[in-house]
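In this note's numbering, each number is its position in the sequence shown, counted from 1, plus 9. For reference, the structure discussed in these notes is given below.
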Amino acid sequence: MSSPESSYEQQLQIETERIIKEWKKNPVYLASTSSFRKEGLEKLGFEDVRTESVPDARERETHKKYDDNFAPNFIDKKGRGHTQDISRAKLQAIKVPLDCFGVAIDTMPYRYVKNSDYGKDQGFGSYWRAEPMNKPETLDNAKAEVINTFLLLTRNYLRSMAMKRIYVPEGGYSDDYLAPFNGGMNPEITVEVITSIAFKIPGSDKIENYPVDVRLLPKKIYQLAKAIFSEMEKELKPGQNVSDGYDYILDELEVEDLRRRVLNGKELEEYFMEMANDIFAIMIKEGAKPTKISGGINYGSKAVRDYLNMDEMLFSGSDMEDGIYLGFPQKNIERIINKRARSVALENL
């Protein structure tokens with residue numbers, strides 16, 4: 010004889026499955042004309058997927074609103090709120106009947122730049138701000154975008170190294186600069202890819218939002234940064250206060266200072282130009298166009314991630330999948346639907 014608890018769980022599971030089946034039978038409205046996303050919803054079992062385009066002006070307006078109102082505190086460094094705002098705006102831009110499911114998705118890679126407002130207020134603001142990377146449109150712009158991202162990562166790596174040299178007590182210092190990354194710290198030395206899924210369930214007008222967040226650390230670039238840092242340490246003059254050199258890296262070193270920096274007879278920009286060409290060759294072979302991808306790099310390509318010797322760290326309690334990079338994280342969407350249907354089933358019983 011089954012216990013009351015197991016009997017209730019069985020009823021809950023039956024009701025959850027009934028709700029999901031009902032949701033999938035009704036039309037689902039997708040705020041996108043992407044065939045990839047449409048097919049993704051169909052693979053999840055939605056029988057009638059209706060796509061609607063979102064005016065470009067609506068998305069531009071949301072980008073501007075984000076930039077105008079960005080005032081991060083110490084914790085709010087990430088661009089998660091940005092993708093959430095955009096996906097929500099996309100869903101609001103289409104008309105979804107009350108008894109239907111509505112979905113909008115936004116995927117964006119971010120790099121970390123200095124927050125120009127840091128130190129202006131008395132409050133403890135964030136030194137960093139997440140900068141969204143947009144589609145470059147031309148091949149020259151795509152190359153420039155990739156080079157600038159790699160230069161920025163190098164500068165941020167160097168700053169991280171200098172900070173560790175200054176603040177780690179003597180005797181406790183380690184050359185493992187990447188340890189903070191493995192602990193979820195130092196987001197500025199990573200590229201962060203965030204996909205936000207906005208949706209409304211049938212019977213409700215409320216728009217809910219679930220971000221899926223991955224940080225990527227390209228160790229191929231880190232190795233160059235480590236070599237540059239060693240050269241910078243050698244350049245300190247005899248008798249010079251060592252901390253002065255590290256303070257320069259912390260407070261004054263800019264991305265443009267690194268562009269013409271020579272390492273082993275080659276300018277850093279030249280290294281990164283060669284890397285950009287290699288990455289584009291991989292992408293083109295796989296059928297991806299650098300000009301049509303935000304930031305110019307398809308992080309959804311395993312071959313590209315392998316080329317950059319990429320470490321990945323997943324946040325948000327989500328499932329890891331290539332769809333996070335590609336704009337349709339199918340496993341995560343299915344998990345969200347199941348979780349939301351279960352909560353409705355609990356209300357019904």
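For every residue, glycine included, the Cβ atom is placed at its ideal position computed from N, Cα and C.
Just mark residue i as buried or exposed, buried being the case when its beta carbon has 16 or more other beta carbons within 10 Å.
i, result
"residue 149", "exposed"
"residue 273", "exposed"
"residue 263", "exposed"
"residue 348", "exposed"
"residue 69", "exposed"
"residue 17", "exposed"
"residue 113", "buried"
"residue 55", "buried"
"residue 240", "exposed"
"residue 299", "buried"
"residue 94", "buried"
"residue 200", "buried"
"residue 271", "exposed"
"residue 139", "buried"
"residue 244", "exposed"
"residue 135", "buried"
Verify whether the separation of the beta carbon atoms of residue i and residue j is less than 8 angstroms.
i, j, result
"residue 24", "residue 358", "yes"
"residue 196", "residue 121", "yes"
"residue 207", "residue 41", "no"
"residue 336", "residue 71", "no"
"residue 221", "residue 321", "no"
"residue 137", "residue 157", "no"
"residue 230", "residue 289", "no"
"residue 292", "residue 303", "no"
"residue 226", "residue 198", "yes"
Identify, in the order they occur along the chain, each residue of the same chain with its Cβ nearer than 7 angstroms to the Cβ of residue i, setting aside the five sequence neighbours on each side.
i, result
"residue 211", "32, 35, 108, 109, 110"
"residue 356", "none"
"residue 344", "328"
"residue 46", "39, 114, 336, 337"
"residue 267", "160, 163, 164, 277"
"residue 346", "29"
"residue 26", "none"
Determine the direct distance from the alpha carbon of residue j to that of residue i, and round the result to whole angstroms.
i, j, result
"residue 228", "residue 319", "6 angstroms"
"residue 84", "residue 202", "At residue 84, the pLDDT of 45 sits below 50, so the modelled position is not reliable; the number obtained from the coordinates is stated separately. So the two alpha carbons sit approximately 18 angstroms from each other."
"residue 19", "residue 350", "15 angstroms"
"residue 118", "residue 15", "44 angstroms"
"residue 294", "residue 313", "11 angstroms"
"residue 59", "residue 151", "33 angstroms"
"residue 146", "residue 285", "16 angstroms"
"residue 141", "residue 281", "20 angstroms"
"residue 269", "residue 342", "45 angstroms"
"residue 283", "residue 154", "14 angstroms"
"residue 168", "residue 213", "48 angstroms"
"residue 317", "residue 30", "42 angstroms"
"residue 90", "residue 74", "12 angstroms"
"residue 57", "residue 44", "14 angstroms"
"residue 287", "residue 242", "31 angstroms"
"residue 265", "residue 326", "37 angstroms"
"residue 275", "residue 65", "42 angstroms"
"residue 37", "residue 261", "52 angstroms"
"residue 279", "residue 232", "16 angstroms"
"residue 315", "residue 166", "20 angstroms"
Beta-carbon within less than 6 angstroms of residue i's beta-carbon, same chain only, minus the 5 sequence neighbours each way: which residues are those?
i, result
"residue 353", "28"
"residue 255", "171, 174, 175"
"residue 297", "307"
"residue 49", "337, 339"
"residue 204", "116, 221, 333, 338"
"residue 63", "40, 99, 102"
"residue 324", "222"
"residue 67", "98, 102"
"residue 305", "145, 151, 154, 155, 299"
"residue 253", "none"
Sorted by chain position, which residues of the same chain lie with C-beta nearer than 8 angstroms to residue i's C-beta, five sequence neighbours on each side aside?
i, result
"residue 170", "186, 234, 235, 238, 258"
"residue 209", "100, 105, 110, 111, 215, 216, 217"
"residue 301", "144"
"residue 21", "351, 354, 355, 358"
"residue 52", "339"
"residue 92", "115, 116, 117, 203, 204, 205, 220"
"residue 330", "338, 339, 340, 341"
Is the beta carbon of residue i within less than 7 angstroms of some heavy atom of the ligand MG?
i, result
"residue 136", "The ligand MG is absent from the structure shown, which contains no ligand whatsoever."
**Every unbroken alpha helix (DSSP H) inside the stretch 317–342 [4 residues or more]** = Counting only runs of 4+ residues, the alpha helix (DSSP H) found wholly inside the stretch 317–342 occupies 332–335, in chain order.
For this session: Jot down the residue ranges of each uninterrupted beta strand (DSSP E) in the stretch 48–74, minimum 3 residues, whole runs only, in chain order.
Result: You should have 58–60.
Practice prompt. Could you name each continuous alpha helix (DSSP H) segment of 4 residues or more that falls completely within the stretch 210–250, going from the start of the chain to the end?
Written response: If we require 4 residues or more, the alpha helix (DSSP H) runs fully inside the stretch 210–250 come out as 228–243.
Task: Runs of beta strand (DSSP E) wholly within the stretch 91–126 (minimum 3 residues, chain order) - done: Runs of the beta strand (DSSP E) lying entirely within the stretch 91–126 and spanning at least 3 residues, in chain order: 110–123.
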